[in-house]
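Below: the structure, in structure tokens.
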Amino acid sequence: MATVLTTPGVAGLSETVAVLREWQDDGAPWQLHPGDLGWFWRFGAEATAAAIRTWSRDGRTLAVGLLDGPTLLRLTIAPDAMREEALARQLVADVTEPRRGVLPAGKVAVEAPTGTLFHDLLSQHGWDDAEPWTPLRRDLTEPVPDPGVRIEVAGPECAPVWAAVLRASFDGSTFTDERWHAMAAGAPYADARCLVAYDDQDVAVAVVTVWSAGPGRPGLLEPMGVHREHRGRGHGRAITLAAAAALRELGASSAIVYTPSSNVGAVTTYRSAGFRRLPEIRDRYRDQ
Numbered sequence: 383m384a385t386v387l388t389t390p391g392v393a394g395l396s397e398t399v400a401v402l403r404e405w406q407d408d409g410a411p412w413q414l415h416p417g418d419l420g421w422f423w424r425f426g427a428e429a430t431a432a433a434i435r436t437w438s439r440d441g442r443t444l445a446v447g448l449l450d451g452p453t454l455l456r457l458t459i460a461p462d463a464m465r466e467e468a469l470a471r472q473l474v475a476d477v478t479e480p481r482r483g484v485l486p487a488g489k490v491a492v493e494a495p496t497g498t499l500f501h502d503l504l505s506q507h508g509w510d511d512a513e514p515w516t517p518l519r520r521d522l523t524e525p526v527p528d529p530g531v532r533i534e535v536a537g538p539e540c541a542p543v544w545a546a547v548l549r550a551s552f553d554g555s556t557f558t559d560e561r562w563h564a565m566a567a568g569a570p571y572a573d574a575r576c577l578v579a580y581d582d583q584d585v586a587v588a589v590v591t592v593w594s595a596g597p598g599r600p601g602l603l604e605p606m607g608v609h610r611e612h613r614g615r616g617h618g619r620a621i622t623l624a625a626a627a628a629l630r631e632l633g634a635s636s637a638i639v640y641t642p643s644s645n646v647g648a649v650t651t652y653r654s655a656g657f658r659r660l661p662e663i664r665d666r667y668r669d670q
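In this text, residue positions in the sequence shown follow the numbering used here: the first is 383, and each later residue adds one.
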């Protein structure tokens with residue numbers, strides 16, 4: 383049977399999320415998480431569906447990609463197909479040739495699990511290494527220490543507060559209350575939580591969203607931000623501990639997060655909250 387490249391549409395979103403949940407494993411290389419789709423869902427279901435590509439054979443999904451912007455494809459592969467040559471070669475052809483409609487001509491990038499044949503073959507086709515990212519993981523077997531600040535689970539009534547802190551955490555952020563509601567309406571958010579940390583003056587100072595992939599599977603932090611006017615006071619560590627505790631309550635086996643290696647402050651914050659630094663990963667990019 384041939385491998386078929388499709389855009390599943392809004393009707394196929396829940397199935398795609400379910401597939402990604404099944405693929406999550408603490409022993410697997412870093413890969414696309416259902417929470418990545420959940421965070422993208424802030425743009426709405428139709429935009430999320432339009433950004434997804436799936437590769438299937440005989441009714442079974444073998445690879446899922448998310449166009450995180452027009453020039454970046456974040457792709458992962460079924461655990462038992464990561465070294466399959468026929469699939470890897472088709473994936474390379476589909477992302478390399480603009481006429482296939484996955485990525486345009488010019489400078490583009492692909493994120494894929496390290497160790498897959500697809501990732502290896504990209505380098506043989508002229509794709510270079512991009513800047514390094516640092517993944518981090520915290521085991522959730524044991525209870526997580528108390529964060530030492532008040533933590534609130536943000537529901538719809540708290541969306542304006544959560545959105546305001548996030549905007550104040552990232553330069554150029556345009557996150558709005560409406561985008562929070564769109565994100566919360568998505569299928570992945572059924573097993574997610576938005577948290578807000580408050581300081582001793584009861585001021586909202588940090589936020590995070592955590593995404594569970596189901597009991598016994600790693601859960602993702604995306605995004606995490608500390609208000610620019612309240613940094614350097616341990617709030618990043620506090621909200622990160624709260625995030626890990628929330629994922630443990632949801633049954634996650636571990637909490638995972640990643641950040642550009644150049645963001646030394648973020649790496650330090652996650653490590654201070656008990657996250658272990660894993661080997662760096664790099665996207666592949668083509669500049670032509």
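Beta carbons: idealized from backbone N, C-alpha and C, even for Gly. Treat the numbers as computed from the prediction; the structure is a model and nothing was measured.
As computed with DSSP, Cys-576 is found in a beta bridge with Thr-591. For the 7 Å CB-CB criterion, Ala-634 and Leu-522 form a contact. In the structure shown, Val-543 falls within a helical segment according to DSSP collapsed to helix, strand and coil. The Cβ-Cβ distance between Leu-503 and Val-484 does not fall below 7 Å. Put simply, the backbone Cα of Phe-557 is about 11 Å away from that of Ala-541. Between the beta-carbon of Ala-460 and that of Leu-444 there is about 5 Å, and that keeps the pair under the 8 Å contact cut. Less than 7 Å divides the Cβ of Gly-447 from the Cβ of Arg-435. A direct Cα-to-Cα measurement between Gln-583 and Gly-656 gives close to 26 Å. Where Arg-619 is concerned, the enclosing alpha helix (DSSP H) starts and stops at 617-631.
Judged by beta-carbon spacing, Arg-575 lies beyond the 7 Å limit of Val-547, meaning their Cβ atoms are not closer than that value.
According to the DSSP assignment, Tyr-667 belongs to the beta strand (DSSP E) that extends over 663-669. Around the Cβ of Ser-644, a 10 Å sphere holds fewer than 16 other Cβ atoms; the residue is exposed. A residue is called buried when at least 16 other Cβ atoms come within 10 angstroms of its Cβ; Pro-597 does not meet this threshold and is exposed.
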